[in-house]
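*Asks:*
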Amino acid sequence: MSGPTLKRLGGAPPDKSAARKPKLEPAQPAVIEPADFYKMEDEIARSTTHAELEKTFLRESSALRAVLQKFIEGSKEPCSSEVLLNIARMRRCSRLAHYATAQLRAETNSRLEQVEAKYLHLQNSSSEIQHLQKEISRCLQFSAGDEDIDLIPLDEFYASAPEGVSRPEVTKNNEHEQRLARLTWEIAQRKALVDTLTEQEGRRNVLISSINGKEQRLKSLRSKISLLMTAAKPVQEALGVGNASASSAEQRSLFSLLPHDLSVLYVQAEAYRDIMEDTSMQVVIRGDANEALRLRRRQKEEAEEKERSDDD
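Counting from 9, one number per residue, gives the positions in the sequence shown under our numbering.
#1: Starting from Ala279, trace the alpha helix (DSSP H) in both directions and tell me its first and last residue.
#2: Contact defined as beta carbons within less than 8 Å: I believe Ser165 pairs with Arg190. What is the distance between those atoms, to the nearest angstrom?
#3: Do Glu194 and Ile157 count as a contact pair if the criterion is CB distance below 8 Å?
#4: DSSP on Tyr210, reduced to helix/strand/coil?
#5: So, helix, strand or coil for Ala152, using DSSP?
#6: Is the beta carbon of Ala114 sitting closer than 8 Å to the one on Thr56?
#7: Go through its chain and collect everything with a Cβ distance to Val292's Cβ below 8 Å, but skip five positions before and after it.
#8: Report the three-state DSSP secondary structure of Ile160 (helix, strand or coil).
#9: When we look at the beta-carbon of Asn94 and count the other beta-carbons within 10 Å, is it buried (16 or more) or exposed?
#10: Given 8 Å as the limit, is there contact between the stretch 37-56 and the stretch 97-105, that is, 3 or more CB pairs closer than that?
#11: Would you kindly work out how many angstroms separate the C-alpha atoms of Glu207 and Leu215, rounded to a whole number?
#12: Tell me the DSSP secondary structure of Gln111 in three-state form.
#13: Taking the C-alpha atoms as reference points, what is the distance between Arg212 and Ser264?
#14: Just confirm the distance between the C-beta atoms of Thr179 and Glu185, as a whole number of angstroms; I'd bet it's less than 8 Å.
#15: Val178 by DSSP, collapsed to three states: which one?
#16: Look up Val291 in the DSSP assignment and say whether it is helix, strand or coil.
#17: From which residue to which residue does the alpha helix (DSSP H) around Ser70 run?
#18: Is it buried or exposed for Ala196, if we count other Cβ within 10 angstroms and need 16 for buried?
#19: Just the Cα atoms here: how many angstroms apart are Leu159 and Ser135?
#20: If Gln53 sits next to Leu104, beta carbons under 8 Å apart, how far is it from one beta carbon to the other, in whole angstroms?
#21: Once DSSP output is grouped into helix, strand and coil, what is the label at Pro328?
#22: Closer than 8 Å by C-beta to Thr64: which residues in its own chain qualify, once you throw out the five before and the five after it? Chain order, please.
#23: Is it the case that the stretch 285-302 contacts the stretch 264-276, given that we only count it when at least three CB pairs across the two stretches are under 8 Å?
#24: Suppose the cutoff is 7 Å on Cβ atoms and the five residues either side in sequence are ignored; what does the same chain contact list for Pro176 look like?
#25: Roughly how far, in whole angstroms, is the beta-carbon of Ala297 from the beta-carbon of Leu262, given that I think they are within contact range, below 8 Å?
#26: Taking the alpha carbon of Lys308 as the reference point, which residue from Gln138, Glu223, Arg187 has its own alpha carbon closest?
#27: Let's test the definition: count the other Cβ atoms within 10 Å of the Cβ of Ala169 and tell me whether it reaches 16, buried, or not, exposed.
#28: Grouping DSSP H, G and I as helix and E and B as strand, with all else coil, what is Ser234?
#29: In whole angstroms, what is the alpha-carbon distance linking Thr116 and Glu183?
#30: Closest to Leu188 by CA distance: which of Leu162, Leu205, Thr204, Glu209 is it?
#31: DSSP three-state call for Ser264: helix, strand or coil?
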């Protein structure tokens, strides 16, 4: 008994070529753009130290030296491509070392510029600090001139100054405000004294004018008195009292300087002598005319001072 047979349902027979495996194409090397290549080289130069580059350069140069030594010794062995690789690696190490050095130099210059800028800023700051310290010293040493003013004592200030000026609730706890209040009160007091001085000077000028007027009248009276005495001389001679109260020019001058009481006594003594016809009795005025003038001037000033005090 034969087994079952398998038949392909419909269509053409299967294509043997479809069952074949696809052929693998050789891998193409990756293409690197020059900019990317230089960028990679820059990164390698920045990340590789000079010690590593020196180590690599010494290794490659040692290998190259060994090959050259064999060639010098007469070796017939041909140079392999490894020699070219050694030279390429050495050139690469040299290029990376130069680039790294240039980068370090640029970074050093950049850091140096930063240091110089900061040092200049430090110098400017130091100069500014010194200037500010000088200004602070000048402010601390500043003198407004009020230190030499002799102010009234504190007790007297609070007793005499109004509360609007003294403000005890503020000034007793604040020395600066207290000083300002005392200076304000001192200014007010001095203004009042200046006003009083101006008023007193005005009164003094009035009194001086009055005194000058009286002196002018007295000077005019002197000539009138002289004329009167000259006119009365015949009458005095007729009455026998020609020497009364004016025996000579010197006596007349001294008589005018006598105080009121002494002048009355002098006149009465001369009258008594003339009436009693006592020739042995002499009435003479003796003294220092300058001292008498000073005494009269002092009495006059005392009278004026008393008058001013009465007016006040």
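All C-beta atoms in this analysis are idealised placements derived from N, C-alpha and C, irrespective of residue type, glycine included.
*Replies:* According to the structure shown:
#1: Residues 268-284.
#2: It should be noted that the sequence gives Phe, not Ser, for residue 165. Cβ atoms of Phe165 and Arg190 come within 8 Å of each other, at about 6 Å.
#3: Contact flag set, yes.
#4: It should be pointed out that residue 210 corresponds to Gly in this sequence rather than to Tyr. In the structure shown, Gly210 sits in a helix (DSSP, three-state: H, G or I).
#5: Coil at Ala152, not helix or strand.
#6: At the C-beta level, Ala114 and Thr56 stay beyond 8 Å of one another.
#7: So the qualifying residues of the chain are Gln259.
#8: Three-state result, Ile160: coil.
#9: Counting Cβ neighbours within 10 Å, Asn94 comes out buried, since at least 16 surround it.
#10: The stretch 37-56 vs the stretch 97-105: in contact.
#11: Just so you know, the alpha carbons of Glu207 and Leu215 end up roughly 12 Å apart.
#12: Three-state DSSP puts Gln111 in a helix.
#13: Their backbone Cα atoms lie some 27 Å apart in a straight line.
#14: That pair is a contact at about 5 Å.
#15: Three-state DSSP puts Val178 in a helix.
#16: In the displayed model, Val291 falls within coil according to three-state DSSP, outside both helix and strand.
#17: For Ser70, the uninterrupted alpha helix (DSSP H) run begins and ends at 58-80, by DSSP.
#18: Only exposed fits Ala196, as fewer than 16 other CB atoms lie within 10 angstroms of its CB.
#19: If you draw a straight line from the Cα of Leu159 to the Cα of Ser135, it is about 42 Å long.
#20: Checking the sequence, you will find Ala at residue 53 rather than Gln. With a Cβ gap of about 5 Å, Ala53 and Leu104 count as contacting.
#21: Since the first and last residues shown for the chain are 9 and 320, residue 328 lies out of range.
#22: Around Thr64: Arg97, Cys101.
#23: With a cut-off of 8 Å, the stretch 285-302 and the stretch 264-276 count as touching, because enough Cβ pairs lie within range.
#24: Same-chain partners within the cutoff: Tyr166.
#25: With a contact defined as Cβ atoms closer than 8 Å, Ala297 and Leu262 qualify at about 6 Å.
#26: Minimum Cα distance to Lys308 is reached at Glu223.
#27: For Ala169, the number of other beta carbons within 10 angstroms of its own is at least 16, and it is reported as buried.
#28: Ser234 falls in the helix class under three-state DSSP.
#29: Whole-angstrom Cα-Cα distance: 60 Å.
#30: Relative to Leu188, the option among Leu162, Leu205, Thr204, Glu209 whose CA is nearest is Leu162.
#31: Three-state DSSP puts Ser264 in coil, outside helix and strand.
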